[in-house]
Amino acid sequence: MINFFNKENDKKKTANDNNQIMLTCCLFIHAAKMDENYTKNEKNIILKALHSLYNKSNDELELILKESEKKENDSNHILEFTREIKNYDKEFRLKIIKILWQIIYSDNHSDMYESNLMRRLNGLLYITDKESGEIKNSILESKKE
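Heads up: the sequence shown is residues 1 to 145, going by my numbering.
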């Protein structure tokens with residue numbers, strides 16, 4: 001009987017983990033689509049980022065990516081993606097901001113819509129403009145090398 005409840009708890013934990021991954025992935029996809037050019041390179045950056053953030057297999061992450069693409073496409077605002085993420089620790093949220101900047105600068109420039117998105121996300125995720133700017137500058141510096 002106890003084993004049954006443990007299995008149910010494991011299923012709930014897995015569902016919650018997958019939901020967190022999907023919300024994070026939707027946010028990444030939204031940033032990638034902001035310039036209306038969602039590229040294979042951006043997909044690869046997203047998969048690599050998800051792999052570094054979460055302990056999931058490549059097959060699981062690719063399935064989550066496909067589901068997230070549908071969810072992001074059906075969504076009309078970013079609040080549903082940030083609502084849970086904003087409650088995670090600051091270190092995790094800073095990693096998210098770094099990955100978002102990497103996605104945006106994957107084509108070596110940021111347009112005004114992408115910059116506006118990042119300003120909104122900074123506020124929604126409780127990240128200061130200074131912190132985000134430092135992350136952005138570090139990514140730009142690494143691209144010069």
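Even for Gly, the Cβ is constructed at its ideal location relative to N, Cα and C. All figures in this text were calculated on a predicted structure; none of them were measured in a lab.
Taken in chain order, the whole alpha helix (DSSP H) runs of length 4 or more contained in the stretch 64 to 125 are 79 to 85, 90 to 104 and 112 to 124. Rounded to whole angstroms, the separation of the alpha carbons of R93 and Q20 is 13 Å. Spatial neighbours of I97 in its own chain (CB-CB distance under 6 Å, excluding positions within 5 residues in sequence) are listed in chain order as I127, S132 and I135. D129 sits in a helix when the DSSP states are folded into three classes.
Where E42 is concerned, the enclosing alpha helix (DSSP H) starts and stops at K40 to L53. Taking all protein chains in view, the Cβ of T39 is surrounded by fewer than 16 other Cβ atoms within 10 Å, so the residue is classified as exposed.
Note on H109: under 16 other CB atoms within 10 angstroms of its CB, so exposed under the neighbour-count rule.
Here DSSP, grouped into helix, strand and coil, assigns K56 to coil.
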